[in-house]
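Colleague:
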Amino acid sequence: MANTEHVANGAGPVGGTGTAGGTAGTGSAGTDLAEIGVIGGSGFYSFLDDVTEIQIDTPYGPPSDSLFLGEIAGRRVAFLPRHGRGHHLPPHRINYRANLWALRSVGARQVLGPCAVGGLRPEYGPGTLLVPDQLVDRTKSRTQTYFDGLPLPGGAVPNVVHVSLADPYCPVGREAALDAARGRDWEPVDGGALVVIEGPRFSTRAESLWHQAQGWSVVGMTGHPEAVLARELELCYSTLTLVTDLDAGAETGEGVSHEEVLRVFAANVDRLRGVLFDAVAALPPNGSRDCLCAKALGGMDPGFELP
Ligand SMILES: [Zn+2]
Numbered sequence: 001m002a003n004t005e006h007v008a009n010g011a012g013p014v015g016g017t018g019t020a021g022g023t024a025g026t027g028s029a030g031t032d033l034a035e036i037g038v039i040g041g042s043g044f045y046s047f048l049d050d051v052t053e054i055q056i057d058t059p060y061g062p063p064s065d066s067l068f069l070g071e072i073a074g075r076r077v078a079f080l081p082r083h084g085r086g087h088h089l090p091p092h093r094i095n096y097r098a099n100l101w102a103l104r105s106v107g108a109r110q111v112l113g114p115c116a117v118g119g120l121r122p123e124y125g126p127g128t129l130l131v132p133d134q135l136v137d138r139t140k141s142r143t144q145t146y147f148d149g150l151p152l153p154g155g156a157v158p159n160v161v162h163v164s165l166a167d168p169y170c171p172v173g174r175e176a177a178l179d180a181a182r183g184r185d186w187e188p189v190d191g192g193a194l195v196v197i198e199g200p201r202f203s204t205r206a207e208s209l210w211h212q213a214q215g216w217s218v219v220g221m222t223g224h225p226e227a228v229l230a231r232e233l234e235l236c237y238s239t240l241t242l243v244t245d246l247d248a249g250a251e252t253g254e255g256v257s258h259e260e261v262l263r264v265f266a267a268n269v270d271r272l273r274g275v276l277f278d279a280v281a282a283l284p285p286n287g288s289r290d291c292l293c294a295k296a297l298g299g300m301d302p303g304f305e306l307p
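The numbers in full-length UniProt numbering rise by one with no breaks, and the one at position 110 of the sequence shown is 110.
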């Protein structure tokens, strides 16, 4: 880690001189510190040669950790360890609003959020890479909107805004992820529903069988509310899920163990990183975004300035 800088407030432009590339949407131009955000573990950036660590404050408090700025194939990327360094934040304690806000405040308009999941079908065993196209929210305690009517520290009051989440993932980001996996001979599963549970416990067998019976594909604890918060900030968001275990209802043994999850993740992190980097390199310039995400607010006034 080379430098550490502190950026005082993610609610407005924070240093930097350029713009974020003429992106769609409202609010300040942000900065040009990053084009793309990656929310994932430290395994994705810790080996990069030149990484700058910056601390960001947001109106919602601090994100999970510092942002780590680095470059992949000439693209400026902000990495954010979802669980904090040392993995101290359980999924239900993650400040998802601060995380997405922080990424946008440094200029990121496209976000990839890889996560580990359990497979809900026997054919989706450990090592399967699945790029979901649907999301089911089974969380319980997480704030999942910026439009909650509560004033921000600066006094702005969010309006009542309802964004569409019919298609929760950016189609462009999904294609980049799928192509990147195929390019590394890791045939991905294209589509399926990610059901996000509250955690931190794993599912009971009955819950898992119910998830399977609904036709859902994989189960995780962190994909929500990232997708909806990204949409509310007009960010492109997509996820790559790595199956680390068969969920309780899809196997016949003792059920999921944390050790098993960690072991399978460690065995696949190198190639997942490769896929992720190729996907980052393939994303379009922020200024040319033409997907639904970039116009999610449809010109509606959010009541506050987007970072
Ligand atoms: Zn998009």
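Heads up, the beta-carbon is just placed ideally off N, CA and C, and yes, glycines get one too.
Where does Asp287 fall in DSSP's three states?
Modeller: Contrary to the premise, residue 287 reads as Gly rather than Asp in this sequence. It is helical.
Colleague: Could you tell me whether the Cβ atoms of Pro285 and Val218 are closer together than 8 Å?
Modeller: no
Colleague: Would you kindly report the start and end of the unbroken alpha helix (DSSP H) that includes Gly173?
Modeller: Per DSSP, Gly173 belongs to the alpha helix (DSSP H) from 171-183.
Colleague: On a CA-only basis, which of Ser164, Asp179, Phe68 is nearest Gly274? Give me that one, please.
Modeller: Asp179
Colleague: Could you pull the DSSP bridge partners for Pro81 from this structure?
Modeller: Answer by DSSP bridge pairing, in chain order: Gly40.
Colleague: Rounded to whole angstroms, what is the Cα-Cα separation between Gly22 and Glu234?
Modeller: In this prediction, Gly22 has a pLDDT of 33, which is less than 50 and means its spatial position is unreliable; what the coordinates show is noted afterwards. Distance from the CA of Gly22 to the CA of Glu234, rounded to the nearest whole angstrom, comes to 13 Å.
Colleague: What residue ranges within the region 183-234 form continuous alpha helix (DSSP H) runs of no fewer than 4 residues, ordered along the chain?
Modeller: 205-213, 226-232
Colleague: Would you say the beta carbon of Arg289 comes nearer than 7 Å to a heavy atom of ligand 1?
Modeller: yes
Colleague: Measure from the alpha carbon of Arg182 to the alpha carbon of each residue in Arg271, Lys140, Gly199, then state which is nearest.
Modeller: When only C-alpha atoms are compared, the closest one is Arg271.
Colleague: Indicate, with yes or no, if ligand 1 has a heavy atom lying under 7 Å from the CB of Ala176.
Modeller: Result no, Cβ not under 7 Å from ligand 1.
Colleague: Less than 7 Å between the CB of Ala230 and some heavy atom of ligand 1, yes or no?
Modeller: No - ligand 1 has no heavy atom lying nearer than 7 Å to the Cβ of Ala230.
Colleague: Decide if His258 is buried, meaning its Cβ has at least 16 other Cβ atoms within 10 Å, or exposed.
Modeller: exposed
Colleague: Would you say the beta carbon of Gly173 comes nearer than 7 Å to a heavy atom of ligand 1?
Modeller: yes
Colleague: Consult DSSP for Glu53 and reduce its assignment to one of helix, strand or coil.
Modeller: strand
Colleague: Mind checking whether Gln112 and Leu240 have CB atoms under 8 Å apart?
Modeller: This sequence places Leu at residue 112; Gln is not what is there. Yes.
Colleague: Please indicate yes or no: does the CB of residue 313 lie closer than 7 Å to some heavy atom of ligand 1?
Modeller: Outside the displayed range of the chain (1 to 307) lies residue 313, so it cannot be described from this structure.
Colleague: From the DSSP output, which residues share a beta bridge with Gly118?
Modeller: Val219, Asp245
Colleague: Which stretch, first to last residue, makes up the beta strand (DSSP E) that contains Phe68?
Modeller: 67-72 is the extent of the beta strand (DSSP E) around Phe68.
Colleague: Give a yes or no on whether the C-beta atoms belonging to Val77 and Val136 are separated by under 8 Å.
Modeller: Inclusion of Val77 and Val136 in the CB contact set at 8 Å is not warranted, their separation being larger than that value.
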